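Asker: Provided herewith is a single structure, encoded as structure tokens, for subsequent inquiry.
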Amino acid sequence: MLETPKVLLKNLQDCKIHFIGIGGIGISGLAKYLKAQGATISGSDIAISPSVKYLKALGVEINIPHDPKAINNQDVIIHSAIIKEDNTEIQRAKELEIPILSRKDALYSILKDKRVFSVCGAHGKSSITAMLSAICPFFGAIIGAHSKEFDSNVRESADMSLVFEADESDSSFLFSNPYAAIVPNTEPEHLEHYDHDLERFFFAYEYFLDHAQKRVIYKEDPFLKNYSKDAIVLEKKDIYNIQYILKDGEPYTSFELKDLGAFLVWGLGEHNATNASLAILSALDELDLEEIRNNLLNFKGIKKRFDILQKNDLILIDDYAHHPTEIGATLKSARIYANLLNTQEKIIVIWQAHKYSRLMDNLEEFKKCFLEHCDRLIILPVYSASEVKRDIDLKAHFKHYNPTFIDRVRKKGDFLELLVNDNVIETIEKGFVIGFGAGDITYQLRGEM
29 MLETPKVLLK NLQDCKIHFI GIGGIGISGL AKYLKAQGAT ISGSDIAISP SVKYLKALGV
89 EINIPHDPKA INNQDVIIHS AIIKEDNTEI QRAKELEIPI LSRKDALYSI LKDKRVFSVC
149 GAHGKSSITA MLSAICPFFG AIIGAHSKEF DSNVRESADM SLVFEADESD SSFLFSNPYA
209 AIVPNTEPEH LEHYDHDLER FFFAYEYFLD HAQKRVIYKE DPFLKNYSKD AIVLEKKDIY
269 NIQYILKDGE PYTSFELKDL GAFLVWGLGE HNATNASLAI LSALDELDLE EIRNNLLNFK
329 GIKKRFDILQ KNDLILIDDY AHHPTEIGAT LKSARIYANL LNTQEKIIVI WQAHKYSRLM
389 DNLEEFKKCF LEHCDRLIIL PVYSASEVKR DIDLKAHFKH YNPTFIDRVR KKGDFLELLV
449 NDNVIETIEK GFVIGFGAGD ITYQLRGEM
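The numbering used here puts the first residue of the sequence shown at 29, with every later residue one more than the last.
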């Protein structure tokens, strides 16, 4: 099941490293982390992105687009999962006999000497990783999203402990060397990587858990409830007295956990309390309970996760949710937030499906996930994420919502413009709007494209 990872003879921290696909959130995180460790970093991508701009500001030389001339005297090349063998820089590196590592191979070399708190699961892993990094401020952190606490997806630390958001989509979580394996759920997704074999998919999670010294799991998950090895277990009944409040205008969830007392965490929803509880339980051996309680207050949310962009006449929220389960849970949070604000505005959803494969694999669930708490549905074209376009009649499948179909949305001042064929068909000047998707919808909503 698990291939043997490539191990470099030389520490990556002492290397000249070139990253192909450096703009991606996962690859950019490794680049930032290794630069902070002392490595000399360069990179390339097909387009400018916020991560590319950030790294350039740090002095990293980045080529747009890929250019074989960028490959010369590097010690190692690290590439994202989306990069193919025929990439011009990959071909040049082979000619020069420069070692080439996939991201997951590189992970093993980076993390093999660390005490890694590895968080993996279909939903909630970014939030749990960021919450745990807030609770344990002396830990290093590599997160798949920007923590608003320290305005980055990476925090460097001299401590041997590291909070790491692991990725099951390409099985790279198996290379994360977990001291602690923290798993909120194992809902099947990215099955194309596992040849649509559920047994193989769940075996990967079992392997991940089995090879950790410490395990923290949410027992309500159908797979995790049958996991038999020793673990710190969270069950739904362990979380009680959940309440939602506004504190200085910001949304918070208050809850009690087991016999540990009350906690307050930024964000709304039962899933938010569950995520925080898993982070808390993971940290119990690391510091005093009152420190955990106080440090959790430093969590201020993460970019693109119930990210409140503005709250005037038009309340605008950007959310990364791209799976039906995530969308349903976040819509509940949106309704709670609307009630706290005492607004009578209807909830307008702008949805950009991410990947044709995910849309097709979960089509029936997508057709149902907007039924509650969505008063109006606006649908953008599918964001392919480099997949081949497939024919799918969204108008027929989602006709029960009477949706509005648009080509793109544009932020103009405090308003949103809906466009078809570059013509504005509607301007939304007030109301409650939440955008869902892992594609470029986030840049559209922020006026960055």
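We put the CB at the ideal spot given by N, CA and C, even for glycine. Since the structure is predicted, the reported quantities are computational estimates derived from the model, not experimental observations.
Going by DSSP, what residues sit across from Y233 in a beta bridge?
Answerer: Partner(s): none; Y233 has no beta bridge.
Asker: Any idea what DSSP makes of F460, helix, strand or coil?
Answerer: Reduced to three states, the DSSP call for F460 is strand.
Asker: With the cut-off set at 9 Å, would you say I69 and A59 are in Cβ contact?
Answerer: Cβ distance < 9 Å, so I69 and A59 count as in contact.
Asker: Kindly indicate which residue of A366, S412, G356 and I407 has the alpha-carbon position closest to the one of K396.
Answerer: Of the candidates A366, S412, G356 and I407, the one whose C-alpha sits nearest the C-alpha of K396 is G356.
Asker: Shortest alpha-carbon distance to D266 belongs to which of I245, H224, W379 and D389?
Answerer: When only C-alpha atoms are compared, the closest one is I245.
Asker: Going by beta carbon distance, what residues of the same chain come within less than 6 Å of F464, once the five residues before and after it are set aside?
Answerer: D347, A349, I355 and W379, listed in sequence order.
Asker: Whose C-beta lies closer than 6 Å to the C-beta of D42 among residues of the same chain, with five residues either side of it excluded?
Answerer: If we look at D42 and ignore the five residues flanking it on each side, it has no Cβ neighbours.
Asker: Our contact map puts P165 next to N323 with C-beta atoms below 8 Å; I'd like the distance itself, whole angstroms only.
Answerer: At roughly 6 Å, the Cβ-Cβ gap stays under 8 Å, so P165 and N323 are in contact.
Asker: Can you give the Cα-Cα distance for V452 and L444, rounded to whole angstroms?
Answerer: Rounded to the nearest angstrom, the two C-alpha atoms are 10 Å apart.
Asker: Would you check if the distance between the CB atom of V80 and the CB atom of G51 is smaller than 9 Å?
Answerer: Contact flag set, yes.
Asker: In angstroms with no decimal places, state the Cα-to-Cα distance between A259 and R243.
Answerer: Near 5 Å, if we compare the C-alpha coordinates of R243 and A259.
Asker: Under the three-state reduction of DSSP, which class applies to K176: helix, strand or coil?
Answerer: In this structure, K176 counts as coil in the three-state DSSP scheme.
Asker: Are the stretch 201-209 and the stretch 141-158 touching, with three or more C-beta to C-beta distances below 8 Å?
Answerer: Short answer: they touch.
Asker: Take Y82 as the anchor and find which of V182, F394, A158 and K328 has the nearest alpha-carbon.
Answerer: Looking at the Cα atoms, V182 is the closest of the given residues.
Asker: Looking only at its chain, what residues have a beta carbon closer than 7 Å to the beta carbon of L473, apart from the 5 residues adjacent to it on each side?
Answerer: Result list for L473: L337, L344, D346, V437, K439 and G463, in chain order.
Asker: Based on the DSSP output, what are the partners of A169 in its beta bridges?
Answerer: In the DSSP output, where bridge partners are listed per residue, A169 has R183 and V191.
Asker: Put E278 into one of helix, strand or coil per three-state DSSP.
Answerer: Three-state result, E278: strand.
Asker: Roughly how many angstroms lie between the CA atoms of K44 and L62, to the nearest whole one?
Answerer: Cα to Cα, K44 sits roughly 10 Å from L62.
Asker: Cβ atoms of I420 and L399: under 9 Å apart, would you say?
Answerer: Going by C-beta atoms, L399 is not nearer than 9 Å to I420.
Asker: Does the stretch 125-133 come within contact of the stretch 193-205, defined as at least 3 CB pairs closer than 8 Å?
Answerer: Cβ pair count under 8 Å is three or more, so yes.
Asker: For A64, I'd like the list of residues in its chain whose CB is within less than 8 Å of its CB, leaving aside the five on either flank, ordered along the chain.
Answerer: Correct list, in chain order: V182 and E184.
Asker: Where does N205 sit, in a helix, a strand or coil, going by DSSP?
Answerer: Correct three-state label for N205: coil.
Asker: Judging by CA-CA distance, which residue of L447, I163, Y429 and A186 is the nearest neighbour of L312?
Answerer: Cα-wise, what sits closest to L312 is I163.
Asker: Go ahead and pull the three-state DSSP assignment for G57.
Answerer: If DSSP states are grouped into helix, strand and coil, G57 belongs with the helices.
Asker: Taking the continuous alpha helix (DSSP H) assigned at K84, which residues delimit it?
Answerer: Run containing K84: P78 to A85, per the alpha helix (DSSP H) assignment.
Asker: Over the uninterrupted alpha helix (DSSP H) stretch that includes T302, give me the two end residues.
Answerer: Its alpha helix (DSSP H) spans residues E298 to A311.
Asker: Kindly indicate which residue of G149, P78, S256 and A158 has the alpha-carbon position closest to the one of K328.
Answerer: The candidate whose alpha carbon is nearest that of K328 is A158.
Asker: Which residues mark the beginning and the end of the alpha helix (DSSP H) in which H425 is found?
Answerer: From DSSP, the alpha helix (DSSP H) with H425 extends over L422 to H425.
Asker: Contact defined as beta carbons within less than 8 Å: I believe H351 pairs with N390. What is the distance between those atoms, to the nearest angstrom?
Answerer: About 7 Å; that satisfies the 8 Å criterion.
Asker: Within a Cβ cutoff of 6 Å, which residues of the same chain sit near E457, ignoring the five residues on either side of it in sequence?
Answerer: Once the five neighbours on either side are set aside, the close Cβ partners of E457 are F443.
Asker: Taking the C-alpha atoms as reference points, what is the distance between F178 and N326?
Answerer: Distance between the alpha carbons of F178 and N326: 10 Å.
Asker: Since P279 and L368 are thought to touch, with beta carbons under 8 Å apart, how far apart are those beta carbons, to the nearest angstrom?
Answerer: Their Cβ separation, rounded to whole angstroms, is 7 Å, which keeps P279 and L368 in contact under 8 Å.
Asker: My output table needs one value for F398: the three-state DSSP class, helix, strand or coil.
Answerer: Three-state result, F398: coil.
Asker: How should Y268 be labelled, buried or exposed, when 16 other C-beta atoms within 10 angstroms of its C-beta is the threshold for buried?
Answerer: That one is exposed.
Asker: If you follow the beta strand (DSSP E) that R404 is part of, which residue opens it and which one closes it?
Answerer: Element bounds for R404: R404 to I407.
Asker: Please name the residue or residues paired with H382 in a DSSP beta bridge.
Answerer: The partner list for H382 (beta bridge, DSSP) reads Y411.
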